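Notes for the one structure printed next.
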Amino acid sequence: MKTKRVLFLVSLTVALLMVMHPFRSGQVTELQLSDWFKPRKRPDVLTVTPWLAPVLWEGTFSRQALQRHYAGRDLVVGLVVFATYGSVGDHVEQFLHSAVTHFMPGQKVVFYLILDSFTEPPKVQLGPLQSFKFLMVSKDEPWPDTELMRLQFLVQHLVSHIKEEVDFLFSMAGSLVFQGDFGLETLGTLVAQLHAWWYFQKSLNIPYERRPSSEAYIPFGQGDFYYGDAIVGGKPLQLLHLLDTCMKGMVRDAQKGISSTYKQHLNKYLLLHKPTKLLSPEYGWDLRFNLPPQVRYVKVAQQRPI
1 MKTKRVLFLV
11 SLTVALLMVM
21 HPFRSGQVTE
31 LQLSDWFKPR
41 KRPDVLTVTP
51 WLAPVLWEGT
61 FSRQALQRHY
71 AGRDLVVGLV
81 VFATYGSVGD
91 HVEQFLHSAV
101 THFMPGQKVV
111 FYLILDSFTE
121 PPKVQLGPLQ
131 SFKFLMVSKD
141 EPWPDTELMR
151 LQFLVQHLVS
161 HIKEEVDFLF
171 SMAGSLVFQG
181 DFGLETLGTL
191 VAQLHAWWYF
201 QKSLNIPYER
211 RPSSEAYIPF
221 GQGDFYYGDA
231 IVGGKPLQLL
241 HLLDTCMKGM
251 VRDAQKGISS
261 TYKQHLNKYL
271 LLHKPTKLLS
281 PEYGWDLRFN
291 LPPQVRYVKV
301 AQQRPI
């Protein structure tokens, strides 16, 4: 009963806040794909999905064309990371130090750092176009699951104010570390990350949710790719819909006695709502594994198993 009541209250709150608070998104338009994306330069990899979304690999995009397009447009990009007790520990500071250098260089960036009362804000020197916003998590959240608590918290803040402050938003795991620029090429309406490990494995073994009673169920023979949950992004409205849908699916599973994960619900969502841009395994490689020849340049590395 508690999860059902909480789900109703959160759904009502989200609906009301969406009516009351406008989105900033829409002020900045994306560049025509053919003006910056050159898929034929990487014939060794998949660069376009069956639904014609670009898959970003080094060498497939023009940074200069993107910079010309977004110059003078007052672009603001947000980056959310959880730094709560017991989540990622000391990794967050390393993540932020690398993000200050490599995340959207030359652009206005808001780092949304989600903390609890047990966590000290990291000491990181920001650039002139960068700012911090600290959001505090209450330990009294009524969710029976940490992932649900995070989704609920992010949805509420996205609806109440974040969507008015940024044109694009990324939510990332604090276990990442940037090793190269994560720039304008990654901006899109709905951006998903190809899971670096499972991208190179046989599709029959992909760990989709296979229980038909789960809201995240994907039957055998279906599914486009297996997506990682360490990076997800897009325009605030699309990201809000994704997070809210995953949260509600996890709650419904819990009501049925099914334990399911955000990653499983994320993969179901992205099967039904195709991402408009995909990040290749270069954006999230686990350095414990040898690099395949397709991965020429690791832009984002994992600091713990994926």
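Residue 1 is where the sequence shown starts when you use the working numbering, and the numbers rise one by one after that. For each residue, glycine too, the CB sits at the ideal point set by N, CA and C. Model, not experiment: these values are computed from the prediction.
For residue j and residue i, the rounded distance between their alpha carbons
i: Phe103; j: His97; result: 10 angstroms
i: Ser44; j: Thr186; result: The residue you asked about is not Ser; residue 44 is Asp in the sequence shown. Taking the straight line from one Cα to the other gives about 21 angstroms.
i: Ala71; j: Gln302; result: 31 angstroms
i: Pro39; j: Ser62; result: 11 angstroms
i: Trp198; j: Ile206; result: 7 angstroms
i: Leu240; j: Phe289; result: 33 angstroms
i: Lys41; j: Thr60; result: 6 angstroms
i: Val77; j: Leu204; result: 37 angstroms
i: Phe178; j: Pro275; result: 22 angstroms
i: Gly188; j: Glu30; result: 7 angstroms
i: Gln152; j: Thr146; result: 10 angstroms
i: His69; j: Gly284; result: 27 angstroms
i: Arg73; j: Glu164; result: 16 angstroms
i: Ala53; j: Val28; result: 20 angstroms
i: Glu120; j: Ala196; result: 31 angstroms
i: Asp116; j: Val137; result: 5 angstroms
Neighbourhood of residue i by C-beta, 8 angstroms cutoff - its chain only, sequence neighbours within 5 removed
i: Asn267; result: Tyr208, Glu209, Ala216, Ile218, Gly223, Tyr226, Tyr227
Cβ distance (whole Å) where residue i is taken to contact residue j below 8 angstroms
i: Phe220; j: Pro292; result: With 8 angstroms as the limit, Phe220 and Pro292 do not qualify as a contact, their Cβ atoms being about 26 angstroms apart.
i: Val191; j: Val232; result: 7 angstroms
i: Leu129; j: Gln107; result: 7 angstroms
Spatially closest choice to residue i from the options, by CA coordinates
i: Val80; options: Phe37, Pro212, Trp36, Ala230; result: Ala230
i: Gln264; options: Lys274, Pro43, His273, Cys246; result: Cys246
i: Gly180; options: Phe95, Val28, Leu46; result: Phe95
i: Ser131; options: Val109, Met149, Arg150; result: Val109
i: Leu243; options: His157, Arg63, Leu33; result: His157
i: Tyr269; options: Lys256, Asp286, Ala254, Lys248; result: Lys248
i: Pro122; options: Pro105, Phe170, Leu129, Ala99; result: Ala99
i: Gln32; options: Leu66, Arg40, Thr49, Leu129; result: Leu66
i: Lys235; options: His91, Thr146, Leu113, Leu169; result: Leu169
i: Leu272; options: Trp51, Asp35, Ser175; result: Trp51
i: Leu365; options: Ala83, Lys163, Glu120, Asp74; result: Lying outside 1 to 306, the shown extent of the chain, residue 365 is not represented and no answer is given.
i: Gln255; options: Leu154, Phe182, Ser213; result: Ser213
i: Asp286; options: Thr261, Asp253, His69, Leu194; result: Leu194
i: Gln238; options: Ser171, Phe182, Ala196; result: Ser171
i: Leu154; options: Ile114, Ser34, Thr49; result: Ile114
7 angstroms Cβ shell around residue i - same chain, five flanking residues per side excluded
i: Arg211; result: Tyr217, Ile258
i: Glu282; result: Trp57, Glu58, Val295, Tyr297, Val298, Lys299
i: Leu126; result: Val100, Phe132
i: Ser92; result: Contrary to the premise, residue 92 reads as Val rather than Ser in this sequence. Hits under 7 angstroms: Val81, Ala83, Pro122, Gly174.
i: Ile162; result: Gly78, Tyr112, Leu169, Pro236
Residues of its chain near residue i, where Cβ-Cβ distance is below 6 angstroms and the 5 sequence neighbours each way are ignored
i: Leu148; result: Met250
i: Val55; result: Leu46, Thr47, Leu278, Ser280
i: Gln184; result: A small fix is needed here, since residue 184 is Leu in this sequence, not Gln. Leu66, Tyr70.
i: Asp253; result: Ser214, Glu215, Ser260
i: Pro105; result: Asp181
i: Trp36; result: Phe61, Ser62, Ala65, Leu66
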